[in-house]
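For the sequence shown, the positions run 5 to 49 when the numbering used here is used. Each residue gets a CB set at the ideal place from its N, CA and C atoms; glycine is no exception. Each remark here refers to the structure printed beneath this line.
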Amino acid sequence: MYKFLLFVTTLTFGIIYFWKYTILLEKYNYDIVEIESKADLAKRK
């Protein structure tokens, strides 16, 4: 029973960590794209 509980908590934390990591990654990629497009606009002017 103890090992099962340990497995479940590890799994839950793993999912939460993965979920937060993917959200951070998406936000980071979005910021990079935004910065690049602003740089392109500055070049065109």
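Euclidean distance between Cα positions of Val37 and Glu30: Cα-Cα distance, rounded: 11 angstroms.
Rounding to the nearest angstrom, what Cα-Cα distance links Lys42 and Tyr34 in this structure? 12 angstroms
When the Cα atoms are used, what is the spatial distance from Met5 to Gly18? 20 angstroms
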